[in-house]
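Here my numbering is used: the first residue of the sequence shown is 64, the next is one more, and so on. Glycine included, each C-beta is placed from N, C-alpha and C at the ideal position. Values in this document were obtained by computation on a predicted structure and should not be read as measured data. A short write-up of the structure that comes next.
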Amino acid sequence: MSAVRKDIDPHFGGLRRSATRMPGDRGTPEPANIGVAEPGPVIGLRRVPIAAEAAPAPPDRQVLGGHALVTAIDPAGCHLDDGRCVATAAGCLLQPRVGDRVLVTDARADMAALILTVIERRAGQEALLTVPGADKLRLSQRSVAIEASEQLALRSLKDAELTAATGTLSVQARNLFTTVIETLVERAADHLAKFGNYAVDTAGLMRLRTRHGIVTADKQLRLDADQMHLG
């Protein structure tokens with residue numbers, strides 16, 4: 064008796080049926096294969112992957128143009144030696160000056176040409192740091208130090224504030240000049256001062272008012288006036 068076995072052909076995915084001789088089938092001729100004929104050897108057959116759809120090429124992001132020389136500066140922008148008049152990018156903190164060599168972007172459909180940075184400047188010139196288009200500039204860091212080997216100037220046309228809320232404010236100088244046009248107000252829990260010489264000159268009234276007052280002189284105390292009222 065012969066049993067029929069079904070095998071799956073790995074190359075073609077079809078079924079092939081073949082008769083298999085069982086034990087005890089002696090003398091019984093092996094029948095021919097039934098169904099799909101068994102294929103012969105496949106030469107050079109390999110799987111070819113299906114090509115994925117090609118992704119579109121990314122848009123061109125190249126914006127750097129080249130360098131140019133600043134020949135003039137006016138409210139319209141910076142005039143370059145190649146004839147262009149361009150504005151300054153917000154990230155260019157060092158403002159260009161006449162004679163600077165700058166890095167300039169090329170103009171695009173969605174963006175005008177801009178100066179990205181100052182590449183070269185003659186030595187000994189003044190540097191101006193600013194953010195184009197910003198109304199307020201803030202420096203935030205745990206510690207900030209401003210150092211000048213010769214001179215430091217802080218100027219404001221209107222208000223200025225210097226605060227050390229919970230710390231110590233120290234001012235050390237060889238000479239200190241303070242000028243107040245209208246009113247000077249000082250408030251403190253304790254006011255201690257020590258001078259080699261102390262002189263106060265007022266054009267009008269000088270008034271000292273206290274709950275308890277003491278005036279002490281080690282050697283001489285002098286009061287001079289046209290009229291003197293005590294008590």
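Give me the DSSP bridge partner(s) of residue i.
{"i": "ARG164", "result": "LEU132, GLU183"}
{"i": "ARG171", "result": "MET174"}
{"i": "LEU157", "result": "LEU192"}
Buried or exposed, going by whether 16 or more other CB atoms sit within 10 Å of the CB of residue i?
{"i": "THR298", "result": "Any answer about residue 298 is impossible in this case: the structure gives the chain only from 64 up to 294."}
{"i": "THR273", "result": "exposed"}
{"i": "ALA186", "result": "exposed"}
{"i": "LEU286", "result": "exposed"}
{"i": "VAL133", "result": "buried"}
{"i": "LEU215", "result": "exposed"}
{"i": "ALA251", "result": "exposed"}
{"i": "VAL167", "result": "buried"}
{"i": "VAL234", "result": "exposed"}
{"i": "VAL165", "result": "buried"}
Please classify residue i: does DSSP put it in a helix, a strand, or coil?
{"i": "HIS275", "result": "coil"}
{"i": "HIS254", "result": "coil"}
{"i": "HIS142", "result": "strand"}
{"i": "LEU284", "result": "coil"}
{"i": "ALA150", "result": "strand"}
{"i": "LEU192", "result": "strand"}
{"i": "ALA120", "result": "Because ALA120 carries a pLDDT of 49, less than 50, the predicted location of this residue cannot be relied on, and the following value inherits that uncertainty. DSSP places ALA120 in coil when its eight states are reduced to three."}
{"i": "ASP137", "result": "strand"}
{"i": "ASP289", "result": "coil"}
Cutting at 6 Å between CB atoms, please list the residues of its own chain near residue i, excluding the five before and the five after it.
{"i": "GLN158", "result": "LEU191, THR193"}
{"i": "THR151", "result": "ILE178, PRO195"}
{"i": "ASP163", "result": "VAL133, VAL181, ARG184"}
{"i": "GLU245", "result": "none"}
{"i": "GLN283", "result": "none"}
Only counting the same chain, and skipping five residues up and downstream in sequence, which positions put a Cβ closer than 7 Å to that of residue i?
{"i": "ARG147", "result": "ALA176"}
{"i": "LEU200", "result": "VAL194"}
{"i": "ASP144", "result": "ALA131, LEU132, THR134"}
{"i": "ALA262", "result": "none"}
{"i": "ALA139", "result": "CYS148"}
Can you list, in chain order, the residues of its chain with a C-beta nearer than 8 Å to that of residue i? Leave out the 5 residues immediately preceding and following it.
{"i": "HIS142", "result": "VAL133, THR134, ALA135, ILE136, CYS148"}
{"i": "ALA120", "result": "Residue confidence for ALA120 is low, a pLDDT of 49 falling below 50, so the modelled location carries little weight; the figure read from the coordinates is stated next. So the list is empty, once near-sequence residues are dropped."}
{"i": "VAL278", "result": "LEU284"}
{"i": "ASN238", "result": "none"}
{"i": "LEU217", "result": "ALA223"}
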